[in-house]
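Numbering (the working numbering), first residue to last: 282 to 516. All C-beta atoms, glycine included, are put in the ideal place defined by N, C-alpha and C. Taking it in order: structure first as structure tokens, then the write-up.
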């Protein structure tokens with residue numbers, strides 16, 4: 282079971298079913314009962330030590346169209362470098378296909394920076410119908426509101442204190458914190474950017490997703506684009 286041990290070494294935060302799903306996608310069609318026995322023999326089923334820095338939040342399911350560019354969620358996170366310097370991340374997430382679109386890292390992220398990142402993602406992926414976001418000052422700035430209006434993007438602000446209304450990106454954020462922010466000691470912003478970029482690619486292209494019968498988000502989106510090609514719309 283070298284494939285199993287190699288996968289666990291690379292993805293230490295994945296549980297059994299995530300590993301099982303990834304191995305099946307890689308063509309390893311082992312029976313799950315047999316793989317579970319080996320998993321236990323290797324003592325991989327035992328709890329692993331992790332840093333606990335923030336409490337887990339409750340998440341409630343949201344109903345969204347299983348299509349890309351329907352609703353993108355926008356949210357901020359924060360952490361510190363080894364020397365104590367604080368930094369923030371701007372996370373952008375496509376709720377319809379559960380795909381991370383961007384993780385921007387810096388010590389300060391203004392409304393202008395949010396617009397710049399969104400413009401980069403729109404140029405790459407196309408314009409979303411709506412953004413789901415909280416009531417942070419960057420997302421209430423006049424410049425940001427004007428930009429969204431010019432692009433015809435609907436703004437769906439969650440109610441203050443109702444993080445369950447941000448459930449999809451909250452779950453994405455929790456996974457990112459567990460597997461990246463809490464799993465590493467960062468000495469520089471460049472290090473955060475590099476590791477976050479590698480993790481985001483793995484999340485989109487390798488990590489099996491329960492909502493899509495074990496398909497990674499990027500594969501699910503690609504399947505949708507083949508079966509339901511997007512219509513051309515004026516911008």
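query: Is residue 457 helix, strand or coil when you go by DSSP?
result: Against the chain shown, residue 457 aligns to sequence position 176. Residue 457: helix per DSSP, three-state reduction.
Start-end ranges of the beta strand (DSSP E) lying completely within the segment 429-453, minimum 3 residues: 435-438
message: Can you confirm whether the segment 376-389 touches the segment 346-366 when touching is taken to mean that 3 or more C-beta pairs between the two stretches lie within less than 8 Å?
response: yes
query: Under a three-way DSSP split, which group does residue 225 fall into?
result: Summary: the structure shown does not reach residue 225, with the chain confined to residues 282 through 516, and so no result is reported for it.
- request: Compare the beta carbon distance of residue 413 and residue 392 with 7 Å and say whether it is the shorter of the two.
  value: One-based indexing of the chain shown puts residue 413 at position 132. One-based indexing of the chain shown puts residue 392 at position 111. Against a cut-off of 7 Å, the Cβ pair of residue 392 and residue 413 comes out as no contact.
message: Among 301, 398, 364, 490, whose alpha-carbon lies nearest the alpha-carbon of residue 312?
response: In the chain shown, the residue the question calls residue 312 occupies position 31. Checking every option, the nearest Cα to that of residue 312 belongs to 301.
task: Provide the residue(s) that pair with residue 496 in DSSP beta bridges, ordered along the chain.
output: Against the chain shown, residue 496 aligns to sequence position 215. Looking at the DSSP assignment, residue 496 forms no beta bridge with any residue, so it has no partner.
message: Based on DSSP bridge pairs, tell me the residues matched to residue 367.
response: For the purposes of this step, residue 367 is taken as residue 86 along the chain shown, with counting starting at 1. Per DSSP, 361.
message: Could you pull the DSSP bridge partners for residue 352 from this structure?
response: Position 71 of the chain shown holds residue 352. 411, per the DSSP bridge assignment.
message: Taking the alpha carbon of residue 464 as the reference point, which residue from 306, 321, 360, 286 has its own alpha carbon closest?
response: Here residue 464 refers to the residue found at position 183 when the chain shown is read from its first residue. Residue 464 has its Cα closest to that of 360, out of 306, 321, 360, 286.
message: For a test of the three-state rule: what should DSSP assign to residue 467, helix, strand or coil?
response: Along the chain shown, read from residue 1 onward, the residue named residue 467 stands at position 186. Residue 467: coil per DSSP, three-state reduction.
Residue 491, DSSP secondary structure in three states: Residue 491 sits at position 210 when you count from the first residue of the chain shown. Helix at residue 491.
- request: Using alpha carbons as the reference points, say which of 497, 459, 492, 439 lies closest to residue 354.
  value: For the purposes of this step, residue 354 is taken as residue 73 along the chain shown, with counting starting at 1. When only C-alpha atoms are compared, the closest one is 439.
field: Contact between the segment 475-486 and the segment 447-462 (3+ Cβ pairs under 8 Å)
entry: yes
message: Using 7 Å as the threshold, is the C-beta distance between residue 402 and residue 383 below it?
response: As a position in the chain shown, residue 402 is number 121, starting the count at 1. As a position in the chain shown, residue 383 is number 102, starting the count at 1. Yes; because the gap between Cβ atoms is below 7 Å, this pair is in contact.
message: Considering only their Cβ atoms, is the gap separating residue 486 from residue 499 smaller than 7 Å?
response: By one-based count along the chain shown, residue 499 stands at place 218. By one-based count along the chain shown, residue 486 stands at place 205. It is a contact, given that the beta carbons lie within the stated cut-off.
- request: Please classify residue 381: does DSSP put it in a helix, a strand, or coil?
  value: For the purposes of this step, residue 381 is identified with residue 100 of the chain shown, where counting begins at 1. Correct three-state label for residue 381: strand.
message: Please return the same chain residues whose Cβ sits closer than 7 Å to the Cβ of residue 404, not counting the five positions on each side in sequence.
response: Here residue 404 refers to the residue found at position 123 when the chain shown is read from its first residue. Excluding sequence neighbours, residue 404 sits near nothing in its chain.
field: Close-in-space but distant-in-sequence residues of the same chain around residue 407 (CB under 6 Å, 5 per side omitted)
entry: Residue 407 sits at position 126 when you count from the first residue of the chain shown. These residues qualify, in order along the chain: 350.
field: 6 Å Cβ shell around residue 484 - same chain, five flanking residues per side excluded
entry: Numbered from 1 along the chain shown, position 203 holds the residue referred to as residue 484. For residue 484, where only same-chain residues beyond five positions count, the Cβ hits under 6 Å are 381.
field: residue 420 beta carbon less than 7 Å from that of residue 390
entry: Reading the chain shown from its first residue, position 109 is the one you call residue 390. Reading the chain shown from its first residue, position 139 is the one you call residue 420. No. Outside cutoff.
Option nearest residue 298 by Cα separation, candidates 441, 496, 507: Working through the chain shown from its first residue, we reach residue 298 at position 17. Selected option, being the one with the closest Cα: 496.
- prompt: Going by alpha carbons, who is nearest to residue 362 out of 410, 466, 489?
  reply: Within the chain shown, residue 362 is the residue found at index 81, counting from 1. It is 466 whose Cα lies nearest to the Cα of residue 362.
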